[in-house]
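Enquirer: The structure's right below; bear with me while I get my questions together.
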Amino acid sequence: MATTEELVTHQGGCHCKRVRWKVRAPSKVVCWDCNCTICLMRQNLHFIVPASQFELEKSSEEWLTLYTFETHQAKHLFCKPLALKDYLLPDHVYDKM
Numbered sequence: 004m005a006t007t008e009e010l011v012t013h014q015g016g017c018h019c020k021r022v023r024w025k026v027r028a029p030s031k032v033v034c035w036d037c038n039c040t041i042c043l044m045r046q047n048l049h050f051i052v053p054a055s056q057f058e059l060e061k062s063s064e065e066w067l068t069l070y071t072f073e074t075h076q077a078k079h080l081f082c083k084p085l086a087l088k089d090y091l092l093p094d095h096v097y098d099k100m
């Protein structure tokens, strides 16, 4: 994150609240549209943070399931009960941004 703005904690997760996460990011984040078939279909918006600024609550891990496709490099994590995409472990190295 190339910014001098102070970071704040954003919290989110799944609709059922079984999967919860926190990220440290500027108070105003820039979201972008992904053009992969999953995100286009679901109309997902993304904002990217370094892995070091992301925290998945420990109790959330049991509720996640993994989906990959094509190159199997990007790891799409979904809430098992709702099949909603919670977050993505990308095939790109965002920590170097």
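In terms of our numbering, the sequence shown opens at residue 4 and continues consecutively.
Beta carbons: idealized from backbone N, C-alpha and C, even for Gly.
All values derive from a computational prediction rather than experimental measurement.
Give the secondary structure of Cys37 by DSSP, where H, G and I count as helix, E and B as strand, and everything else as coil.
Expert: Three-state DSSP puts Cys37 in coil, outside helix and strand.
Enquirer: Indicate the three-state DSSP secondary structure (helix, strand or coil) for Arg45 in the structure shown.
Expert: DSSP places Arg45 in helix when its eight states are reduced to three.
Enquirer: Can you tell me the Cα-Cα spacing of Asn38 and Gln56, whole angstroms?
Expert: Roughly 24 Å separates the two Cα atoms.
Enquirer: Is the beta carbon of Cys82 less than 7 Å from the beta carbon of Val22?
Expert: Yes, Cβ-Cβ distance for Cys82 and Val22 is below 7 Å.
Enquirer: Quick one: what does DSSP say Glu64 is sitting in, helix, strand or coil?
Expert: The answer is helix: DSSP assigns Glu64 an H, G or I state.
Enquirer: May I ask you to report which of helix, strand or coil DSSP gives Ala54?
Expert: In the structure shown, Ala54 sits in a helix (DSSP, three-state: H, G or I).
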